[in-house]
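Trainee:
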DNA sequence: GCGAAAGATGTAAGCGCTTACACGAAGCGA
DNA sequence: TCGCTTCGTGTAAGCGCTTACATCTTTCGC
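Residue numbers (this note's numbering), protein chains in the order written: chain A, 1 to 342; chain B, 1 to 342.
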C-alpha cells in the first residue's frame, strides 16, 4: 500500500496543460471538448492512473449514480435471479447496484433501507409493500424514488413492478381443488410483515370459496423461512390435521422442506399427500417428485424494474403499477386426491 | 418527493445555537461534548430530521465506512451464507457492505472490483486468488486493504481467510478410492480463472497418485456453473467414459446436475454410479440420494474474514493467512464400487 | 469584411462535512 | 494567589469535484 496521495483532477489538469473544468468535461461529456484537447487529457489521465474521488463527485454533482435494493434474503435464488437482471440493466445505464438483505426481519429492513439512503442511494428497489409509515415518510421526505417489486396492489398508490400474489395462488388452488382435494392446508411464511404471503394465502381462501368451501377453516401454519423449518412445520401440520390431502406452501423453499418432511414421515408424494410451492426456483424441477408451483418471471421483473426506476430517476415521474403474468407449473408433486376414481 | 433542500449541519448548528464543529463532534465522538450541549444538539437533529450527506462526509473524512465484496454469483447459497455472516460482523462495527457479482466472468469481476473502489470502498473481500496482475497493482496503488477468501495458498503472500481446496478434495477422494472406485472422473467448473476448482482437481490427482494410479488419466469435464450444465456434462461424460463408477464434482450445484443426469439416464446412484460434491449447500442434504460432499465453514469464514479485514483497516496491518478446517460429509450419493464384495 | 452566433476553454464559487488550531474558562498544586 | 494543565467550544481551512458564467476564438451570413 503506497501512501503517496492519489492523483486529483488538478494533477491531471496541470499535466495536460488545461483547467480542471476541461478535465471534468472530458470525463463527463466528452463531446463538449475538442478532440485534440481530449486526447491530451485522456493521456494524462491514463498516465497518472487517475480515478475520480467518489465523495467529491457525489458532493458536487448531488447524485451518486447508485441504486439500492433490499431483499429478504440472498439465500433464495429467486431474489438473486431478479437482482442479477436488475443489476445488468442498471449497469447498462452507468448505475451501480447496492444490495442489502434483511433476513426477513422488519426492523433490520428498516435499518438497511436507511443505511442505503445514508450511503447516497439515488433510488431504491424494495420487495413487497409492508413497512412502517415512518419509513415511507422518510423516503418521501428525502425524495428518493422507490419502486416496489414482487407485489402489485390496486389499493397502493406507490410505483410497483410485480405480480398479483393472490390471483396467482388462486389459480394454483383451483387446480388443486379440481383434482378433488377438499382437505387443504397451507404452510406459510410469517404473515404479519409479508404482504406477498398474505396475498397468497388469501388466494387459497378465495379458491375455497369458489368451490363452496368455508374459507376460514383453512389451516395455516406459519414458520420462518428455511428448508428445515418447512420440514418441521410439515410434520406438525400432518400431526394436527391427519386428514390433509394437499399442502400448499407459499414458497418453494418451504415446499422443499415439506417434501423432505413427507419423505421422513414415510408419506409418498403425491400418492399420500400433494405438495405445491411458489416461485419456481431451479431446484423445484430437480426435487423428487418435481414440484408443482407458480412460475414468477424473476428476470423479466428485474429488468423492467430497473427500466422503470431509471425513468423515474431521469424524468422525476412517479412510476406506474405493473402486474406481470405468472404461470402455473404442473408437475409431479401434485396429484389427484388419494382414493379418487381414476 | 418534496423538493425543499435537506437540512445540513449548519442548519442544526444554528438551531442548537452552537457551531458546526460541535454538531459534528456530537455525532462522531459524543464524549468530547458536554452533556447539556449534546442534548440540545441531538434535539435539533431529531427535530430537523437531519442525516449527514454521504458525499461530504466521505470527502472530508477520507473514508466511507464501506467494505466491498465481489462474489462469483448470488445464485449459490454458499456465497450468500458467507456474505451474510460477513455483513453482520461488519454491521456490528458500523461498516456497510457493498456486494457485486461477477457471474464467474473474469473481465466482469475486474470491472466490478474497480467499480467498488470507485464507489469508495475502504476495503475489499474477494473470492479466490485468480485475477490479473494489473488489478492487484491497481489495488495496491490505491491502498485498498484486500482479503482473499475461499482459498488459502502457502505460495501467495496476500492475506487470506479460506481453506485448503486441494487438501479437502484429496481427503474426499481418498474415501472414494477406499470404496474401491478406480474409474473416477471429474466434473469441474472452468479451470482457467478459478484456482479453487484447480486446487480441488489437483486434490483428486494427488489421491490417485497415493493409490498408485496415474493421475493424468483423470478425465476432467469443464462446464460453466449451473444445474443444467451439470446435467449435460454428466451425460457427455458417461457417454465418453462408460466405465466410470464415480464422478467427483467440484461443487454441489454441478453435483446436483449430475444427479439429475443420472436419473434421466436411468442410472441409480450410488448403485450404478457414485456422485460427490463440494460446499455442502443446504439442498445437498435434500437431494435424492443425499449428496456426499465437503462441508465448508461458510459462516465462520465470513465472520472471521470480516474481523480480519476490520483489523487490517484499523491497524493498517497486512493481515494473516488462515486456513479453516473443512469436513467430509459422507452421505448416500457415494457407495462402494458396483459389483464389489460386500 | 463586419457583426453576431456558436464553440472551446478558463475562472471560481460552492457542495456539506471534518478537524487542526485557537481561545477562554475552570480546576489544580504549590 | 499564580501559572499550568485540562476541557469545551468556536474558527476557518480545506477535502476534490461540478458547473454557471466569463472570456476568447472561430465560423458564417450577407
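Don't be surprised by glycine CBs; every beta carbon is placed ideally from N, CA and C.
Every value quoted in this text rests on a predicted model; they were computed, and no experiment measured them.
So for residue 284 of chain B, helix, strand or coil by DSSP?
Mentor: The sequence position of residue 284 of chain B within the second chain is 284, counting from 1. Helix at residue 284 of chain B.
Trainee: Helix, strand or coil: which one does DSSP assign to residue 319 of chain A?
Mentor: Here residue 319 of chain A refers to the residue found at position 319 when the first chain is read from its first residue. Correct three-state label for residue 319 of chain A: coil.
Trainee: Using only the alpha-carbon positions, how far apart do residue 316 of chain A and residue 190 of chain B sit?
Mentor: What you label residue 316 of chain A is simply residue 316 of the first chain in a count that begins at 1. What you label residue 190 of chain B is simply residue 190 of the second chain in a count that begins at 1. The straight-line gap from Cα to Cα measures roughly 44 angstroms.
Trainee: Would you check if the distance between the CB atom of residue 86 of chain B and the CB atom of residue 97 of chain B is smaller than 8 angstroms?
Mentor: In the second chain, residue 86 of chain B corresponds to position 86, counting from 1. In the second chain, residue 97 of chain B corresponds to position 97, counting from 1. A contact, by the Cβ cut-off of 8 angstroms.
Trainee: Can you list, in chain order, the residues of the region 245-257 of chain A whose Cβ is nearer than 7 angstroms to any Cβ on chain B?
Mentor: Here the close residues are 256.
Trainee: Nearest-angstrom Cα distance between residue 1 of chain B and residue 309 of chain A?
Mentor: Taking the second chain and counting its residues from 1, the one referred to as residue 1 of chain B is at position 1. Taking the first chain and counting its residues from 1, the one referred to as residue 309 of chain A is at position 309. Model confidence at residue 1 of chain B stands at a pLDDT of 38, short of 50, so the residue's coordinates are unreliable and nothing is read from them.
Trainee: Shorter than 8 angstroms from the beta carbon of residue 331 of chain A to some beta carbon of chain B?
Mentor: Translated into positions along the first chain, residue 331 of chain A becomes position 331. Judged by the 8 angstroms Cβ criterion, residue 331 of chain A is not in contact with chain B.
Trainee: Any beta carbon from chain B within less than 8 angstroms of residue 161 of chain A's own beta carbon?
Mentor: Position 161 of the first chain holds residue 161 of chain A. No, residue 161 of chain A lies away from the interface with chain B (no Cβ there is under 8 angstroms from its Cβ).
Trainee: What do you get for residue 217 of chain A, buried or exposed, if any count of 16 or more other CB atoms within 10 angstroms of its CB means buried?
Mentor: Working through the first chain from its first residue, we reach residue 217 of chain A at position 217. Under this definition residue 217 of chain A is an exposed residue.
Trainee: Quick check on residue 168 of chain B: does DSSP put it in helix, strand or coil?
Mentor: Position 168 of the second chain, counting from 1, holds the residue named residue 168 of chain B. Helix at residue 168 of chain B.
Trainee: From residue 242 of chain A to residue 224 of chain A, what distance separates their C-alpha atoms?
Mentor: For the purposes of this step, residue 242 of chain A is taken as the residue at position 242 of the first chain. For the purposes of this step, residue 224 of chain A is taken as the residue at position 224 of the first chain. About 22 angstroms.
Trainee: If you draw a straight line from the alpha carbon of residue 57 of chain A to that of residue 147 of chain B, how long is it in whole angstroms?
Mentor: Numbered from 1 along the first chain, position 57 holds the residue referred to as residue 57 of chain A. Numbered from 1 along the second chain, position 147 holds the residue referred to as residue 147 of chain B. The straight-line gap from Cα to Cα measures roughly 27 angstroms.
Trainee: Under the DSSP definition of a beta bridge, which residues are partnered with residue 162 of chain A?
Mentor: On the first chain, position 162 is the one that residue 162 of chain A refers to. Beta-bridge pairing links residue 162 of chain A to A/323.
Trainee: Using a 10 Å radius around the Cβ and a threshold of 16 neighbouring Cβ atoms, would you call residue 16 of chain A buried or exposed?
Mentor: Counting from one through the first chain, the residue named residue 16 of chain A turns up at place 16. Counting Cβ neighbours within 10 Å, residue 16 of chain A comes out buried, since at least 16 surround it.
Trainee: Please state the DSSP three-state secondary structure of residue 279 of chain A.
Mentor: Here residue 279 of chain A refers to the residue found at position 279 when the first chain is read from its first residue. DSSP places residue 279 of chain A in strand when its eight states are reduced to three.
Trainee: Between the alpha carbons of residue 169 of chain A and residue 251 of chain A, how many angstroms are there, rounded?
Mentor: For the purposes of this step, residue 169 of chain A is identified with residue 169 of the first chain, where counting begins at 1. For the purposes of this step, residue 251 of chain A is identified with residue 251 of the first chain, where counting begins at 1. C-alpha separation (whole angstroms): 11 angstroms.
Trainee: Is there a Cβ of chain A sitting closer than 8 angstroms to that of residue 2 of chain B, yes or no?
Mentor: Here residue 2 of chain B corresponds to residue number 2 of the second chain, with the count starting at 1. Bear in mind that a pLDDT of 44 at residue 2 of chain B, under 50, signals an unreliable position, so the number given afterwards is only what the model happens to contain. Yes, contact with chain A.
Trainee: Kindly confirm or deny that the region 35-50 of chain A and the region 68-79 of chain A touch, where touching means at least three C-beta pairs closer than 8 angstroms.
Mentor: Contact fails: fewer than three Cβ-Cβ distances are below 8 angstroms.
Trainee: Please list, in chain order, all residues of the same chain as residue 205 of chain B whose beta carbon is under 8 angstroms from its beta carbon, the five residues on each side excluded.
Mentor: Translated into the one-based positions of the second chain, residue 205 of chain B becomes position 205. Same-chain partners within the cutoff: 215, 216 and 218.
Trainee: Is the beta carbon of residue 166 of chain A sitting closer than 8 angstroms to the one on residue 203 of chain A?
Mentor: Here residue 166 of chain A refers to the residue found at position 166 of the first chain. Here residue 203 of chain A refers to the residue found at position 203 of the first chain. Yes, Cβ-Cβ distance for residue 166 of chain A and residue 203 of chain A is below 8 angstroms.
Trainee: Taking C-beta to C-beta, are residue 41 of chain A and residue 70 of chain A nearer than 8 angstroms?
Mentor: The residue you call residue 41 of chain A lines up with position 41 of the first chain. The residue you call residue 70 of chain A lines up with position 70 of the first chain. Taking 8 angstroms as the Cβ cut-off, residue 41 of chain A and residue 70 of chain A do not qualify as a contacting pair.
Trainee: Output, in chain order, the set of chain A residues within a Cβ distance shorter than 9 angstroms of residue 278 of chain B.
Mentor: In the second chain, counting from the first residue as 1, residue 278 of chain B sits at position 278. The premise fails here: residue 278 of chain B is roughly 17 angstroms from chain A at the closest Cβ pair, so nothing lies under 9 angstroms.
Trainee: So what does DSSP say about residue 248 of chain A, is it helix, strand or coil?
Mentor: Against the first chain, residue 248 of chain A aligns to sequence position 248. Strand, per DSSP.
Trainee: Check whether the region 128-137 of chain B and the region 99-110 of chain B are in contact - that is, three or more C-beta pairs closer than 8 angstroms.
Mentor: Counting Cβ pairs under 8 angstroms, three or more are found: they touch.
Trainee: In or out: residue 35 of chain A buried (at least 16 other Cβ within 10 Å) or exposed?
Mentor: Mapped onto the first chain, residue 35 of chain A falls at position 35. That one is exposed.
Trainee: Taking 8 angstroms as the threshold (C-beta atoms), are residue 163 of chain B and residue 23 of chain B in contact?
Mentor: Along the second chain, one-based indexing puts residue 23 of chain B at 23. Along the second chain, one-based indexing puts residue 163 of chain B at 163. Contact: no.
Trainee: Let me confirm a value: residue 293 of chain B is counted as buried when at least 16 other C-beta atoms fall within 10 Å, else exposed. Which label applies?
Mentor: Locating residue 293 of chain B in the second chain gives position 293, where the first residue counts as 1. By the 10 Å Cβ count, residue 293 of chain B comes out buried.
Trainee: For a contact meaning CB atoms closer than 7 angstroms, what does residue 47 of chain B contact in chain A?
Mentor: In the second chain, counting from the first residue as 1, residue 47 of chain B sits at position 47. Neighbours of residue 47 of chain B on chain A: none; closest Cβ ~13 angstroms, over 7 angstroms.
Trainee: Assuming residue 67 of chain B and residue 99 of chain A form a contact by the criterion Cβ under 8 angstroms, report the distance between their Cβ atoms to the nearest whole angstrom.
Mentor: For the purposes of this step, residue 67 of chain B is identified with residue 67 of the second chain, where counting begins at 1. For the purposes of this step, residue 99 of chain A is identified with residue 99 of the first chain, where counting begins at 1. With 8 angstroms as the limit, residue 67 of chain B and residue 99 of chain A do not qualify as a contact, their Cβ atoms being about 13 angstroms apart.
Trainee: Around the Cβ of residue 327 of chain A, are there at least 16 other Cβ atoms within 10 angstroms (buried) or fewer (exposed)?
Mentor: Taking the first residue of the first chain as 1, we reach residue 327 of chain A at position 327. Exposed, by the Cβ-count rule.
Trainee: Write down the C-beta distance between residue 348 of chain B and residue 227 of chain B rounded to the nearest angstrom, noting that I regard them as a contact closer than 8 angstroms.
Mentor: Here chain B has residues from 1 to 342 only, and residue 348 of chain B is not among them.
Trainee: Do residue 84 of chain B and residue 102 of chain A come within 8 angstroms of each other at the CB atom, strictly closer than that value?
Mentor: Translated into positions along the first chain, residue 102 of chain A becomes position 102. Translated into positions along the second chain, residue 84 of chain B becomes position 84. Contact: no.
Trainee: I need the straight-line Cα distance from residue 43 of chain B to residue 157 of chain B, nearest angstrom please.
Mentor: Counted from its first residue, the second chain places residue 43 of chain B at position 43. Counted from its first residue, the second chain places residue 157 of chain B at position 157. So the alpha carbons of these two residues sit roughly 50 angstroms apart.
Trainee: Output, in chain order, the set of chain A residues within a Cβ distance shorter than 8 angstroms of residue 54 of chain B.
Mentor: Here the question's residue 54 of chain B lines up with position 54 in the second chain. Per Cβ cutoff of 8 angstroms: 55, 58, 64, 118, 119 and 120.
Trainee: Strictly under 8 angstroms for the Cβ-Cβ distance: is residue 99 of chain B near chain A by that measure?
Mentor: Counting from one through the second chain, the residue named residue 99 of chain B turns up at place 99. By this cut-off, residue 99 of chain B is an interface position.
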